[in-house]
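> Following UniProt numbering, the numbering of the sequence shown begins with 1 at its first residue and continues without gaps. Ideal placement from N, C-alpha and C gives every residue a C-beta, glycine not left out. My questions will all concern the structure given below.
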Amino acid sequence: VSVIAGFVEAGESPDRAVAREVGEEVAIGIEDPRYVGTQPWPFPRSQMMGYVARTREEAPVPAPDGAEIEWAGFYSRQELADAMGSGRLLVPRGSSIAYAMLRQWYGGELPLPAHA
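Here's what the structure looks like:
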């Protein structure tokens, strides 16, 4: 499991790319994208930029595109802890920007599966 990702097109601002990728991958409109950090990326001359944003809808329902995203969901902190603790949900670990963003939102280290 990870967070939504994509590439900035030529002539496109990173903020606009965030809105486009979220719309393309899960059909959700966003507003107020905020930059949170950068991670080197293995492709030549590339970097991963992390953003957070708010949804435009009060209770959005993700509609995965079926190509890049097979399923998507929103989790409360407790739901995330329960899913990770049971091993139903595995997230990137270590130095990835996705892990750093999830850890920041969660408010501390993410739970490990009970059987780990």
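1. With respect to the beta strand (DSSP E) encompassing D32, which residues constitute its N-terminal and C-terminal limits?
2. Could you spell out where the alpha helix (DSSP H) holding residue 117 opens and where it closes?
3. P40: beta carbon under 8 angstroms from a heavy atom of the ligand FAD?
4. Can you tell me where the alpha helix (DSSP H) holding R20 begins and where it ends?
5. Taking only the alpha-carbon atoms, compute the straight-line gap between A19 and A114 and give it to the nearest angstrom.
6. Can at least three beta-carbon pairs, one atom from the region 52-70 and one from the region 79-94, be found at a separation below 8 angstroms?
7. Could you compute how far the alpha carbon of G107 sits from the alpha carbon of Q78?
8. Identify whether R93 lies in helix, strand or coil by the three-state DSSP scheme.
Straight from the coordinates:
1. The count along the sequence shown starts at 1 and reaches residue 32 at position 32. Segment I30 to P40, the beta strand (DSSP E) holding D32.
2. Any property of residue 117 remains undetermined from this structure, which presents the chain solely from 1 to 116.
3. The ligand FAD is not part of the structure shown, which contains no ligands of any sort.
4. For the purposes of this step, residue 20 is taken as the residue at position 20 of the sequence shown. It spans P14 to V26 - the alpha helix (DSSP H) in which R20 sits, taken as one unbroken run.
5. Here residue 19 refers to the residue found at position 19 when the sequence shown is read from its first residue. Here residue 114 refers to the residue found at position 114 when the sequence shown is read from its first residue. Whole-angstrom Cα-Cα distance: 36 angstroms.
6. no
7. Position 107 of the sequence shown, counting from 1, holds the residue named residue 107. Position 78 of the sequence shown, counting from 1, holds the residue named residue 78. Each residue's alpha carbon lies about 12 angstroms from the other.
8. Along the sequence shown, read from residue 1 onward, the residue named residue 93 stands at position 93. In the structure shown, R93 sits in coil (DSSP, three-state: anything other than H, G, I, E or B).
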